[in-house]
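Heads up, the thing below is written out as structure tokens.
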Amino acid sequence: MMNDTATDDEIAEMRREKAMLDMAWLKKIKCDVYQLQNFVERYEKAKEIVKNDRIVTKNEREFLVRNGKGYYYYVKLSKGLRKAFCTCPDFQKRTIIVNGRKVILYPCKHIIACLIWKRQLDEKRKELEQDN
């Protein structure tokens, strides 16, 4: 990881990206430029997953997300994002064990994709309710 810290402008831009997912906890952590850039790259890949319709829903909190090679990863969202889960290798690398439970340091693109998908669904539901 780089030791450089982000400038105020870079932090502001990254926070705008993060705000799209309403991940308040991510705003509180201190990141270097590499970590922030890494998050934005994951976010962009997650948008592609949603755009290419690679998410299968089991229910509002459980999903199967198809990767580029056709394999599926299981994703489970929770009320607290830090307790979300994914079976992909990237998720395993970016978690720590706290009191016997895995806690997310940074979400994988599959978790981010499910959050984007869920948010889009919630927005569509609100529109339908307003129309009725």
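This note's numbering numbers the first residue of the sequence shown as 97 and each following residue consecutively. Here a beta-carbon is modelled for each residue, glycine too, at the ideal position from N, C-alpha and C.
**Message:** Mapping the DSSP letters down to three states, classify E182 as helix, strand or coil.
**Reply:** It is worth fixing the name first, because residue 182 is Cys in this sequence and not Glu. C182: strand per DSSP, three-state reduction.
**Item:** Cα-Cα separation, R150 to K205
**Value:** Each residue's Cα considered, the two are about 12 Å apart.
**Asked** Nearest-angstrom Cα distance between V199 and K172?
**Response** Their Cα atoms are separated by approximately 13 Å.
**Asked** How about V136 and A209: are their beta carbons less than 8 Å apart?
**Response** Their beta carbons are not under 8 Å apart, which means V136 does not touch A209 by this criterion.
**Message:** Below 8 Å on the Cβ atoms is my contact criterion, and I expect T183 with Y169 to pass it. Report the Cβ-Cβ distance as a whole number of Å.
**Reply:** Confirmed, about 5 Å.
**Asked** Quick one: is R138 buried, meaning 16 or more other Cβ sit within 10 Å of its Cβ, or exposed?
**Response** Its Cβ being crowded by 16 or more others within 10 Å, R138 is buried.
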